[in-house]
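What follows is a set of notes on a single structure, which appears directly below.
Residue numbers (this note's numbering): 36 to 283.
See below:
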């Protein structure tokens, strides 16, 4: 190749390299305290899941933190929260109690209510099938579903009177007494189908001190008004005998 052409090609190559090197502007790397600040501002997915589970546990707790935890849960985008909670639940071992707590939260957040309610109800047992999960905790969650308006859980609570003691018995006593006083018809209708021996345990959990004389008179009048041919009539008679009469 002629020397002039070779020299010209070399010059052109040098100019081209200088042009592209001049156009290239490397991305500035953030270092030092600013980098640490940016890293801390973006929590990992694991940390975000841990925070979400902490709010779920607080919402299902006995410790008075439920209201604040609910405010945080309810402030998150619903679709994202439902997706994350369902994903977390599916990833947990079968006996992990967080499955119950997540199901309870999903009942309130707009998830599949029927399916999640069944998970919560499955925990209501003398020996719950979940690790480190007590019967009184399970009862408190089911009671909260009932107070929210789902009276279909009442037969499950009545059945738990067969084994309830201690804290569980105290929770049921307060709930049964208030439920009987406020909605005796609902109480009676859901008591149908409960075995006689367990019905007697339900009656034994009613707190006579939680009923005033006026309450007892109203209940007596209601039970006496129940139509005799109805299935509720024998139960009304049982309750008339179980409750102490009002003072004269």
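Heads up, the beta-carbon is just placed ideally off N, CA and C, and yes, glycines get one too.
These figures come from a predicted structure and were not determined experimentally.
- Taken atom to atom, the span from the alpha-carbon of residue 84 to that of residue 240 is near 40 Å.
- For residue 136, same chain residues with a beta-carbon under 6 Å away, outside a window of 5 residues either side, are 91, 92, 95 in chain order.
- When secondary structure is reduced to three states using DSSP, residue 261 falls in the coil class, being assigned neither helix nor strand.
- For residue 229, the secondary structure class from DSSP, reduced to helix, strand or coil, is coil.
- The DSSP-derived three-state label of residue 187 is helix.
- Looking at 143, 130, 131, the one whose alpha-carbon comes closest to that of residue 117 is 143.
- For residue 115, the enclosing alpha helix (DSSP H) has its first and last residue at 113 to 126.
- Rounded to whole angstroms, residue 255 and residue 275 show a C-alpha spacing of 6 Å.
- Residue 209 is not a Cβ neighbour of residue 250, given a cutoff of 8 Å.
- DSSP, reduced to helix, strand and coil, places residue 105 within a helical segment of the structure shown.
- With a 10 Å radius around the Cβ and a threshold of 16 neighbouring Cβ atoms, residue 170 comes out buried.
- The C-beta distance from residue 156 to residue 178 rounds to 12 Å, too long to meet the 8 Å contact threshold.
- For residue 275, the uninterrupted alpha helix (DSSP H) run begins and ends at 268 to 277, by DSSP.
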